[in-house]
């Protein structure tokens with residue numbers, strides 16, 4: 016009986032020791048955040064405004080009247096895919112371990128709060144989330160990635176998580192994956208400027224810089240082909256060239272969006288080519304294209320352009336499009352890849368070609384008649 020009691024006591028002591036040991040380990044089961052996502056679905060639904068601070072950029076995005084806009088770039092429309100990607104990462108990345116509550120490790124792991132008036136370090140980010148009233152309800156310090164390790168403890172390839180800390184707390188957690196958030200403004204801007212069906216276009220005119228000839232392509236109905244005005248005798252509109260011009264507006268996107276207080280005074284637009292597009296629905300677009308290609312920030316060559324629009328009709332979608340485009344025309348110019356702009360800069364002579372020769376006439380019998388200039392067959396001489 017005595018041995019039995021000693022055995023019971025030993026089992027209890029082992030159990031207590033195990034509990035104490037487990038409680039002292041980082042990421043103890045008692046931590047309420049371990050095993051949960053960085054943000055709950057309810058918290059994601061609260062977000063109406065957020066700011067991402069990095070060492071080289073501070074990006075602010077907010078929802079206005081149901082539309083997400085980059086407020087740090089004069090309220091330009093935001094790229095929705097980028098926002099959805101952020102929300103998905105926040106709601107699917109788990110906290111897998113509480114690493115430390117020692118504030119001395121904040122700097123080492125990249126989750127220390129930046130000093131007043133400074134920005135986060137190169138490998139860190141600060142994400143502040145706000146509700147509909149503009150009140151911050153959660154701020155995350157996104158720190159360094161954790162180097163992955165093999166089963167034997169050796170250093171592996173890449174990273175297997177990211178250190179994070181919620182502002183106002185000391186605990187450093189390990190997230191299940193690195194968030195890899197874009198830290199450049201351009202990636203958060205909607206670079207798709209316009210989608211105009213070719214069938215909607217009734218007229219396109221080009222007014223180049225002084226000393227160059229422009230062109231006019233027009234048609235009476237949507238089913239008619241666009242015809243070049245003032246066609247020379249025996250010439251017809253070159254359909255592929257006309258299609259290249261209308262195709263530009265079917266999916267007009269840009270490589271860069273440049274904020275400026277006076278777009279039309281941009282030096283690259285001093286000698287601009289003006290392209291005016293009219294539609295059957297009453298929408299008019301004005302596109303000014305710089306006089307020569309420039310180096311793009313992302314590499315390659317492109318043209319600086321300014322896009323404006325007007326509409327006096329009642330269609331809500333076209334009203335919104337014209338208003339958005341005209342508003343941006345007061346604050347931005349765009350950089351568009353050279354290859355995309357080239358079709359618009361065509362000369363009139365490049366937009367027409369000779370008409371095909373008419374087929375030869377057929378004789379009544381259905382055979383091809385001999386040319387009128389052909390000589391009659393010579394009868395053989397007889398003695």
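Residue numbers (our numbering): 16 to 398. Where a beta carbon is used, it is the ideal one built from N, C-alpha and C, also for glycine.
Segment limits, alpha helix (DSSP H) that includes residue i
i           : result
residue 296 : Here residue 296 belongs to no alpha helix (DSSP H), and DSSP marks it neither H nor E.
residue 333 : 331-344
residue 355 : 353-356
residue 257 : 254-265
Residues bridged to residue i [DSSP beta-bridge criterion]
i           : result
residue 109 : 52
residue 206 : DSSP lists no partner for residue 206.
residue 151 : 145
residue 349 : 272, 320
residue 181 : 155
residue 306 : BP columns for residue 306 are empty, so no partner.
residue 160 : 177
residue 291 : 220, 301
Coarse secondary structure for residue i, derived from DSSP in three states
i           : result
residue 406 : This structure cannot speak to residue 406, because the chain is shown only from 16 to 398.
residue 6   : Outside the displayed span of the chain (16 to 398) sits residue 6, for which this structure offers no information.
residue 224 : coil
residue 119 : helix
residue 231 : strand
residue 36  : Low confidence applies to residue 36: its pLDDT is 44, below 50, so where it sits in the model is not reliable, and the reading given next is rough at best. Helix at residue 36.
residue 196 : coil
residue 240 : coil
residue 104 : helix
residue 246 : coil
residue 364 : helix
residue 99  : helix
residue 90  : coil
Outcome for residue i when other beta-carbon atoms lying within 10 angstroms are tallied against a minimum of 16
i           : result
residue 152 : exposed
residue 93  : buried
residue 287 : buried
residue 335 : exposed
residue 95  : exposed
residue 254 : exposed
residue 261 : buried
residue 22  : With a pLDDT of 49 at residue 22, under the threshold of 50, the modelled position of this residue cannot be trusted, and the question is left open.
residue 9   : An answer regarding residue 9 cannot be provided, because it is not within the stretch 16 to 398 covered by the chain.
residue 237 : exposed
residue 278 : buried
residue 107 : exposed
residue 69  : buried
residue 183 : exposed
residue 80  : exposed
residue 195 : exposed
residue 356 : buried
residue 324 : buried
residue 177 : buried
residue 71  : exposed
residue 338 : exposed
residue 133 : exposed
Limits of the unbroken beta strand (DSSP E) element including residue i
i           : result
residue 314 : Run containing residue 314: none; DSSP gives neither H nor E here.
residue 127 : Neither: residue 127 is in no beta strand (DSSP E) and is coded neither H nor E.
residue 15  : Residue 15 is absent from the model: the chain starts at 16 and stops at 398.
residue 73  : 73-79
residue 188 : 187-190
residue 212 : Counting along the chain, residue 212 falls outside any beta strand (DSSP E), and DSSP gives it neither H nor E.
residue 66  : 64-68
residue 82  : 82-85
is_contact[residue i, chain B] using C-beta, thresh 8 Å
i           : result
residue 180 : Absent from the structure: chain B. Only one protein chain is present.
**Study point:** Three-pair Cβ contact test at 8 Å for the segment 325-336 versus the segment 274-293
**Key:** Contact annotation: the segment 325-336 does not touch the segment 274-293, with fewer than three C-beta pairs closer than 8 Å.
Review point. Do the segment 114-126 and the segment 47-59 meet, that is, are 3 or more Cβ pairs less than 8 Å apart?
Key: Judged by Cβ distances under 8 Å, the segment 114-126 makes no contact with the segment 47-59, as fewer than three pairs qualify.
Point to revise | Three-pair Cβ contact test at 8 Å for the segment 123-141 versus the segment 155-164 | key: The segment 123-141, when compared against the segment 155-164, does touch it at the 8 Å Cβ threshold.
Point to revise | Given 8 Å, three or more beta-carbon pairs between the segment 195-207 and the segment 261-271 | key: Touching, yes, given that three or more Cβ pairs across the two stretches are closer than 8 Å.
Check your understanding: Would you call the segment 127-138 and the segment 74-86 in contact, with 3 or more CB pairs under 8 Å?
Key -> Contact fails: fewer than three Cβ-Cβ distances are below 8 Å.
**Study point:** contact_flag[the segment 185-196, the segment 107-115] where n(CB pairs < 8 Å) is 3 or more
**Key:** Taking 8 Å as the limit for Cβ pairs, the verdict is that the segment 107-115 does touch the segment 185-196.
Review point. Is the number of C-beta pairs between the segment 303-323 and the segment 346-357 that are closer than 8 Å three or more?
Key: Touching, yes.
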